[in-house]
Amino acid sequence: GLQFGNRVDLRAQLLGADSAHLTVVDEGLTSLRTLAYLKHGLLSVPDYPIQLSMSQISSATNRFCQSRDLQYLNLDQDHELFSRGAVDFHRNSGHRTLAAVPLVWSDRCMGYIGLAWVDELRLDSAQQELLQALAQHATLAVHLMRRADRVRRGAILE
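Per our numbering, numbering of the sequence shown is gapless, rising by one per residue and ending at 161.
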């Protein structure tokens, strides 16, 4: 958990974001879990399930992972991609720019990194490349963590 937290913290700082989170799709594709969250510069590692329905999860992950690129989101137009609590948090925080970059491993969507800024902005190409590189590192870390868990579960069953 904390290793992911430190990565999210670093990403947000490098990109000037007010808040950021690393969210993964569980392996059964039935829920999303937030592994690390940076809110207004304070890091927490909650590892809690996000309260979204299966249809919301699939529409969010499909949208993020089909493009494979950074996507800017609008709370009003894209409200189906956000839980009620997330909408309230972003509105109360005064976030004017929201973005997500998918974590994709061999055509499988593993989750996404979400970022929020108080300013109205668009990342320049260097910042987008940095975010893509950091997303690739997070994707590899999640993949390796899952492999290790599967090996551990296999060893317990033997």
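Note that the Cβ used here is the ideal one computed from N, Cα and C, for glycine as well.
*Name the residue from GLY44, ARG36 and LEU73 whose alpha carbon lies nearest to the alpha carbon of GLN130.*
Counting from 1 along the sequence shown, the entry for residue 130 is found at position 127. Looking at the Cα atoms, LEU73 is the closest of the given residues.
*What is the rounded straight-line gap between the Cα of VAL121 and the Cα of ARG153?*
Taking the first residue of the sequence shown as position 1, residue 121 is located at position 118. Taking the first residue of the sequence shown as position 1, residue 153 is located at position 150. Going by the C-alpha atoms only, they are around 40 Å apart.
*Based on the DSSP output, what are the partners of ALA39 in its beta bridges?*
The residue you call residue 39 lines up with position 36 of the sequence shown. DSSP lists LEU25 as partners of ALA39.
*Excluding the 5 residues preceding and the 5 following HIS146 in the sequence, name in chain order all residues of the same chain whose CB lies nearer than 6 Å to its CB.*
Against the sequence shown, residue 146 aligns to sequence position 143. So the qualifying residues of the chain are TRP108.
*Could you name the residues that DSSP lists as bridge partners for VAL90?*
Position 87 of the sequence shown, counting from 1, holds the residue named residue 90. DSSP output for VAL90 lists no bridge partner at all.
*Find the nearest neighbour of LEU124 within the set LEU134, THR100 and ALA144, judged by alpha-carbon distance.*
In the sequence shown, the residue the question calls residue 124 occupies position 121. Of the candidates LEU134, THR100 and ALA144, the one whose C-alpha sits nearest the C-alpha of LEU124 is THR100.
*Where do the N-terminal and C-terminal ends of the beta strand (DSSP E) with ARG99 fall, by residue?*
Within the sequence shown, residue 99 is the residue found at index 96, counting from 1. Careful: ARG99 lies outside any beta strand (DSSP E) and carries neither H nor E.
*asked:* Can you tell me whether ALA158 is buried or exposed? The criterion is at least 16 other CB atoms within 10 Å of its CB, across all chains shown.
replied: Here residue 158 refers to the residue found at position 155 of the sequence shown. Looking at its Cβ environment, which holds fewer than 16 other Cβ atoms inside 10 Å, ALA158 is exposed.
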